[in-house]
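Trainee: Note that my numbering has the sequence shown beginning at 43, numbered continuously upward.
Cβ coordinates follow ideal geometry from the N, Cα and C atoms, glycine included.
In this text, all values refer to a predicted model and were calculated from it rather than measured experimentally.
Below are the structure tokens for one structure; questions will follow.
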Amino acid sequence: MIDENVLNMHSEVPKNWVLTTIGNICDINPRVTWPENFTDDTKVSFVPMAAVDEISGTITNSEVKPISEVWQGYTRFLEGDVLFAKITPSMENGKAAIATNLTNGIGLGTTEFHVLSATDLWVAKWIYYYIRQEVFRKHAARKMTGSAGQLRVPIDYLAEGSIPLAPHNEIKRIVDEIEFHFSRLDAWLETMQKLLKKLTRLRASILKAAVEGRLVTQDPNDESAEVLLQRIVDERRRKWEDDYLADLKAKGKPAPNDDRWKEKYKEPEAPYLEDLPILPVGWVWACIGWIAEVQGGIQKQPKRIPKDNVYPYLRVANVYRNFLDLSQIYEFELFDGELEKYRLEFGDVLIVEGNGSIDQIGRCALWGGEINNCVHQNHIIRARLNHTLPEYVSYFLNSSIGMEIMAKAAVTTSGLYTLSVSKIKDITIPLPPKNEQKRIVDAVNECISILDRIQEIIRINVKRGQRMRQSILEKAFEGRLVEQHSGDEPASELLERIRAERKRRTEEEKRKPKQQRERKVRTTKEVKKPLYDTLKEAGKPLSASDLFQQAGFSRETIDDFYEQLRQMLRETENIRVQRKNDDTFLEVVR
43 MIDENVLNMH SEVPKNWVLT TIGNICDINP RVTWPENFTD DTKVSFVPMA
93 AVDEISGTIT NSEVKPISEV WQGYTRFLEG DVLFAKITPS MENGKAAIAT
143 NLTNGIGLGT TEFHVLSATD LWVAKWIYYY IRQEVFRKHA ARKMTGSAGQ
193 LRVPIDYLAE GSIPLAPHNE IKRIVDEIEF HFSRLDAWLE TMQKLLKKLT
243 RLRASILKAA VEGRLVTQDP NDESAEVLLQ RIVDERRRKW EDDYLADLKA
293 KGKPAPNDDR WKEKYKEPEA PYLEDLPILP VGWVWACIGW IAEVQGGIQK
343 QPKRIPKDNV YPYLRVANVY RNFLDLSQIY EFELFDGELE KYRLEFGDVL
393 IVEGNGSIDQ IGRCALWGGE INNCVHQNHI IRARLNHTLP EYVSYFLNSS
443 IGMEIMAKAA VTTSGLYTLS VSKIKDITIP LPPKNEQKRI VDAVNECISI
493 LDRIQEIIRI NVKRGQRMRQ SILEKAFEGR LVEQHSGDEP ASELLERIRA
543 ERKRRTEEEK RKPKQQRERK VRTTKEVKKP LYDTLKEAGK PLSASDLFQQ
593 AGFSRETIDD FYEQLRQMLR ETENIRVQRK NDDTFLEVVR
């Protein structure tokens, strides 16, 4: 049973209103039958979870498909129905919408929707705005059932959950008032979002100007970058020689009698300059491998399970463009000598090795020593600079020029763009004089600081707008948004009409020929395949909805599907489960 404290969100209602339940004023997940005039090729709207925008509460990117492709295995709904995401985190994020402008009046979508079908559009909007309240979603979240990552709002919560019902004419006035205020808020928030996009473009312009030598003035008295680079290269050679001799000594071997051993040193290859732009006076092109020690990280393996020698490590999820997210740090086991080899130092540039998105490849940030004795996973490449400001290198790699260079260097395997230590070493970078690097970094930091303050002001205002939206809804359902009219018929009469209309619909549905009510697509025969075999044959990640359909399940066997899914995840170790665009994807990993 549902907790009474959760049900009774409203202890009192205004005069002429009634307190009822959502299940009393709409049908939840009603049966939708195949229209008599439809053929297998009739087009309908298809709405995956990602098509519902949680901010605007609208369907933004629906698809159009032949009905025969989606009739089995998906949730069905009609024009004017309310869609409510039942799975975490989509529900908590506010994914809900009224299905409008559906192709041929019918829509199908992910099975993670509850469908609330009201008797008229005004009541549908009333329900929609009610479930869009943050307080409603918080209550619903407490009553979710299922396993972690697969928690869902049970249908009983919606059916038995309380809702205040106003007179029909008052509902119209309230909905009109909500939409009036929301339209103004939407316009204002759209302006805020445009400003945020402009700030993003301005950041990119600042970085581009910085690494092209257009942000600060050049000083002819600065030591040229060519001299700086030669000093770096000479020091690199001396270090190699010192390390070579130290290695001989450690092995108990005598020092060489002549200098022929120095011929073993491999000079760094000159960068390929043909397609590179001309640099400002005093600048030079250099490979990162010349000016930095570049090193990969530690591969996560079963032997790394934390036991005795446990240390924190960084993952790709911790490294973003120009900032680190250290809110969730994992640990694993290190072995002899690994801490000294892989320990991060202040100023290390951390570069993401691979990503499924080309615009995220090579994103990087600086390590500021936030965590003691921290190492990094092999999907992060570390660059430790020599006589070069790490801030400048990080700004270059995160600039549009640096991103383009790294994108060209990345290789593509199965849609994943990847870099490597050798590719990072070969990346060319415009190197300014050391003093100019300092001026560039100071100027960029000052500009970014100003943009950060502006961005924070905008974000505060966006949050204020979101709070205003919730305040409007709160007033609406407490009867404080518009004036009440004494001449309005009481809500009790509206409730009776809703009951009568729902009864009429049910009887009409029963009178339909059984063949129409239970229509199956001609080409569809429900032969259920094992879920594991279906995933393995697919050879790629499948969403839960696609797995449901391809394995041959239907709405009538949805409980069997989830039971088999739970059993497969319990008993099979090589299933990868990922969240992407508010959908759950599963894949067999070899």
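(1) Considering just the uninterrupted stretch of the alpha helix (DSSP H) at S87, what are its terminal residues?
(2) Rounded to whole angstroms, how far is the Cβ of V486 from the Cβ of L257, which I believe are closer than 8 Å?
(3) Does the beta-carbon distance from A267 to P475 come in below 7 Å?
(4) Between which two residues does the alpha helix (DSSP H) harbouring G507 extend?
(5) Please state if the CB of K128 and the CB of R194 are separated by a distance shorter than 7 Å.
(6) Flag this pair as yes or no: are the beta carbons of I101 and A93 separated by less than 7 Å?
(7) Should the segment 420-433 be called in touch with the segment 325-339, which here means at least 3 C-beta pairs below 8 Å?
(8) Taking the beta carbon of E550 as the centre, do at least 16 other beta carbons fall within 10 Å, making it buried, or is it exposed?
(9) Measure the alpha-carbon distance for V394 versus T130 and round it to whole angstroms.
(10) How about P209 and A542: are their beta carbons less than 7 Å apart?
(11) Looking at F119 and G149, is the spacing between their C-beta atoms short of 7 Å?
(12) Does the Cβ-Cβ distance between I97 and L200 come in under 7 Å?
(13) Thinking C-alpha only, which one of E531, Q512, A580 is nearest F178?
(14) What does the alpha-carbon distance come out to for the pair E219 and T75?
(15) Would you identify the three-state DSSP class for I413, choosing helix, strand or coil?
(16) Need the endpoints of the alpha helix (DSSP H) that S132 sits in, please.
(17) For F222, which of helix, strand or coil comes out of DSSP?
(18) Starting from S204, trace the beta strand (DSSP E) both ways and give me its first and last residue.
(19) So, at 6 Å on beta carbons, what are the nonlocal neighbours of P72 in its own chain, with the 5 sequence-adjacent residues on each side left out?
(20) For T565 and G122, what's the separation of their Cα atoms in angstroms?
(21) Hey, would you say W282 sits closer than 7 Å to Y307, going by beta carbons?
(22) Reducing DSSP to helix, strand and coil, say where Y116 ends up.
(23) From this set, F603, V630, Y604, E134, which residue's C-alpha is nearest N616's C-alpha?
(24) Is DSSP giving T152 helix, strand or coil here?
(25) Tell me whether P432 sits in a helix, a strand or coil according to DSSP, three-state version.
(26) Please list the terminal residues of the continuous alpha helix (DSSP H) segment that includes I471.
(27) Going by DSSP in three states, A593 sits in which element: helix, strand or coil?
(28) For L523, I'd like the list of residues in its chain whose CB is within less than 6 Å of its CB, leaving aside the five on either flank, ordered along the chain.
(29) May I have the straight-line CA-CA distance separating K582 from R618, to the nearest angstrom?
(30) Since V391 and L368 should fall inside the 8 Å C-beta cutoff, what is the C-beta to C-beta distance between them, to a whole number of angstroms?
(31) Determine which residues share a DSSP beta bridge with E538 and list them.
(32) State the Cα-Cα distance for the pair E265 and V275, rounded to the nearest angstrom.
(33) Identify whether L21 lies in helix, strand or coil by the three-state DSSP scheme.
(34) Expressed to the nearest angstrom, what Euclidean distance is found between the alpha-carbon atoms of P555 and D83?
(35) Classify Q260 as helix, strand or coil using the three-state DSSP reduction.
(36) Shortest alpha-carbon distance to I205 belongs to which of R509, W168, N79, D530?
Mentor: Looking at the atomic coordinates:
(1) One-based indexing of the sequence shown puts residue 87 at position 45. Premise fails: S87 lies in the beta strand (DSSP E), 85-89, not in any alpha helix (DSSP H).
(2) Locating residue 486 in the sequence shown gives position 444, counting from the first residue. Locating residue 257 in the sequence shown gives position 215, counting from the first residue. So it is a contact: roughly 7 Å between Cβ atoms.
(3) The count along the sequence shown starts at 1 and reaches residue 267 at position 225. The count along the sequence shown starts at 1 and reaches residue 475 at position 433. In contact: A267 and P475 (Cβ atoms closer than 7 Å).
(4) The residue labelled residue 507 in the question sits at position 465 within the sequence shown. Looking at the DSSP string, the run of the alpha helix (DSSP H) that includes G507 is 476-519.
(5) As a position in the sequence shown, residue 194 is number 152, starting the count at 1. As a position in the sequence shown, residue 128 is number 86, starting the count at 1. Contact: yes.
(6) On the sequence shown, residue 101 is found 59 positions in, with the first residue counted as 1. On the sequence shown, residue 93 is found 51 positions in, with the first residue counted as 1. Yes, the Cβ-Cβ distance between I101 and A93 is below 7 Å.
(7) yes
(8) Translated into the one-based positions of the sequence shown, residue 550 becomes position 508. By the 10 Å Cβ count, E550 comes out exposed.
(9) Translated into positions along the sequence shown, residue 394 becomes position 352. Translated into positions along the sequence shown, residue 130 becomes position 88. Looking at the two C-alpha atoms, the distance is approximately 29 Å.
(10) The residue given as residue 209 occupies position 167 in the sequence shown. The residue given as residue 542 occupies position 500 in the sequence shown. Going by C-beta atoms, P209 is not nearer than 7 Å to A542.
(11) As a first step, residue 149 is located in the sequence shown; it is residue number 107 there, counting from the start. As a first step, residue 119 is located in the sequence shown; it is residue number 77 there, counting from the start. Yes. Within cutoff.
(12) For the purposes of this step, residue 97 is identified with residue 55 of the sequence shown, where counting begins at 1. For the purposes of this step, residue 200 is identified with residue 158 of the sequence shown, where counting begins at 1. No, they are not a contact pair.
(13) Here the question's residue 178 lines up with position 136 in the sequence shown. Among E531, Q512, A580, the Cα nearest to that of F178 is on Q512.
(14) Translated into the one-based positions of the sequence shown, residue 219 becomes position 177. Translated into the one-based positions of the sequence shown, residue 75 becomes position 33. Their backbone Cα atoms lie some 35 Å apart in a straight line.
(15) Residue mapping note: residue 413 aligns to position 371 of the sequence shown, counting from 1. Coil, per DSSP.
(16) For the purposes of this step, residue 132 is identified with residue 90 of the sequence shown, where counting begins at 1. First-last of the alpha helix (DSSP H) with S132: 132-135.
(17) One-based indexing of the sequence shown puts residue 222 at position 180. Correct three-state label for F222: helix.
(18) In the sequence shown, residue 204 corresponds to position 162, counting from 1. DSSP places S204 in the uninterrupted beta strand (DSSP E) bounded by 204-207.
(19) The residue labelled residue 72 in the question sits at position 30 within the sequence shown. Excluding sequence neighbours, P72 sits near S159.
(20) Within the sequence shown, the letter at position 523 stands for residue 565. Within the sequence shown, the letter at position 80 stands for residue 122. With a pLDDT of only 43 at T565, under 50, the local geometry of the prediction cannot be trusted, and the value read off the model is given with reservation. In a straight line, the C-alpha of T565 is about 30 Å away from that of G122.
(21) Here residue 282 is taken as the residue at index 240 of the sequence shown, counted from 1. Here residue 307 is taken as the residue at index 265 of the sequence shown, counted from 1. Yes, they are a contact pair.
(22) Translated into positions along the sequence shown, residue 116 becomes position 74. Correct three-state label for Y116: coil.
(23) To locate residue 616, count along the sequence shown from 1; it is residue 574. Closest by alpha carbon: V630.
(24) For the purposes of this step, residue 152 is identified with residue 110 of the sequence shown, where counting begins at 1. Assignment of T152 by DSSP, reduced to helix, strand and coil, places it in the coil class.
(25) Looking up residue 432 in the sequence shown gives position 390. Three-state result, P432: helix.
(26) Within the sequence shown, numbered from 1, the residue matching residue 471 stands at position 429. From DSSP, I471 is part of no alpha helix (DSSP H) but of the beta strand (DSSP E) over 470-473.
(27) Locating residue 593 in the sequence shown gives position 551, counting from the first residue. Coil at A593, not helix or strand.
(28) Residue mapping note: residue 523 aligns to position 481 of the sequence shown, counting from 1. Here the set comprises I216, E219, K517.
(29) Locating residue 582 in the sequence shown gives position 540, where the first residue counts as 1. Locating residue 618 in the sequence shown gives position 576, where the first residue counts as 1. The alpha-carbon atoms of K582 and R618 are separated by roughly 11 Å.
(30) Counting from 1 along the sequence shown, the entry for residue 391 is found at position 349. Counting from 1 along the sequence shown, the entry for residue 368 is found at position 326. Between L368 and V391 the Cβ distance is about 16 Å, and since that is not below 8 Å, they are no contact.
(31) Counting from 1 along the sequence shown, the entry for residue 538 is found at position 496. Beta-bridge pairing links E538 to no other residue.
(32) Reading the sequence shown from its first residue, position 223 is the one you call residue 265. Reading the sequence shown from its first residue, position 233 is the one you call residue 275. Near 16 Å, if we compare the C-alpha coordinates of V275 and E265.
(33) Any question about residue 21 goes unanswered here, given that the chain covers just 43 to 632.
(34) Taking the first residue of the sequence shown as position 1, residue 555 is located at position 513. Taking the first residue of the sequence shown as position 1, residue 83 is located at position 41. Rounded to whole angstroms, P555 to D83 spans 22 Å at the Cα level.
(35) Counting from one through the sequence shown, the residue named residue 260 turns up at place 218. Secondary structure of Q260 (DSSP, three-state): coil.
(36) Here residue 205 refers to the residue found at position 163 of the sequence shown. Selected option, being the one with the closest Cα: W168.
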